[in-house]
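Quick note on this note's numbering: the sequence shown kicks off at 843 and runs consecutively.
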Amino acid sequence: MVKQEFSKYERARIIGARGLQISMDAPILVDMTEEELNGVNYDPLRIAEKELDAEVLPISVNKPMPKRNEKALEKIKVEASSVSDAEKEAAEKAEEKDISEGGEMMELANSGEEPEASDEPIAAAAPNPELE
Numbered sequence: 843m844v845k846q847e848f849s850k851y852e853r854a855r856i857i858g859a860r861g862l863q864i865s866m867d868a869p870i871l872v873d874m875t876e877e878e879l880n881g882v883n884y885d886p887l888r889i890a891e892k893e894l895d896a897e898v899l900p901i902s903v904n905k906p907m908p909k910r911n912e913k914a915l916e917k918i919k920v921e922a923s924s925v926s927d928a929e930k931e932a933a934e935k936a937e938e939k940d941i942s943e944g945g946e947m948m949e950l951a952n953s954g955e956e957p958e959a960s961d962e963p964i965a966a967a968a969p970n971p972e973l974e
């Protein structure tokens, strides 16, 4: 029989379940002397841990593997760019020129002027009678 490796969560679950069985008077599967039982203070969890370490527990964990997808992945096609760097830079400069000439937003952002203050009063918060 192959020794099964358990994660810390699986170990905790197995030891807890077996400890509960032992605390409800299930027979102990490991030969322990009275001195060893006194050494662990008859603690069911420690006894269950010794049983698990001795590999005498008839408990196994089913770890299902994920389903495999047999479809071949499509290869990504990388097209070679026929546009040179100089052409890209020229297109970017033309776009920037169009934006700077025709955009009102650019003028407002670069004008450096402060926005005009409104003559409307700011609404004051209503007083809270519970705080007074």
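Virtual Cβ for every residue (Gly too), placed ideally from N, Cα, C.
Please read all numbers here as calculations on a predicted model, not as lab measurements.
Short Cβ contact (8 Å threshold) for residue i with residue j
i, j, result
"Ala-890", "Ile-857", "yes"
"Glu-898", "Phe-848", "Reading off the sequence shown, one finds Val at residue 898, where the question assumed Glu. Result no, Cβ atoms of Val-898 and Phe-848 do not sit closer than 8 Å."
"Val-872", "Lys-892", "yes"
Three-way DSSP call (helix, strand, coil) for residue i in this model
i, result
"Ser-924", "coil"
"Gln-846", "coil"
Proximity winner among the options, relative to residue i (alpha-carbon distances)
i, options, result
"Asn-883", "Pro-900, Leu-894, Ser-865", "Ser-865"
"Leu-887", "Arg-853, Ile-901, Arg-910", "Arg-853"
"Ile-901", "Asp-940, Ile-941, Gln-863", "Gln-863"
"Arg-855", "Leu-894, Asn-880, Pro-869", "Leu-894"
"Asp-867", "Val-925, Asp-885, Ala-932", "Asp-885"
Per-residue burial, residue i [other beta carbons within 10 Å of its own, 16 or more giving buried]
i, result
"Arg-829", "The structure shown does not extend to residue 829, since the chain is modelled only from 843 to 974, so the question has no answer here."
"Glu-937", "exposed"
"Glu-943", "exposed"
"Glu-929", "exposed"
"Lys-850", "exposed"
Quick check for students: name the residue ranges of the alpha helix (DSSP H) that lie wholly in the region 859 to 922, counting only runs of 4 or more.
876 to 881, 886 to 895
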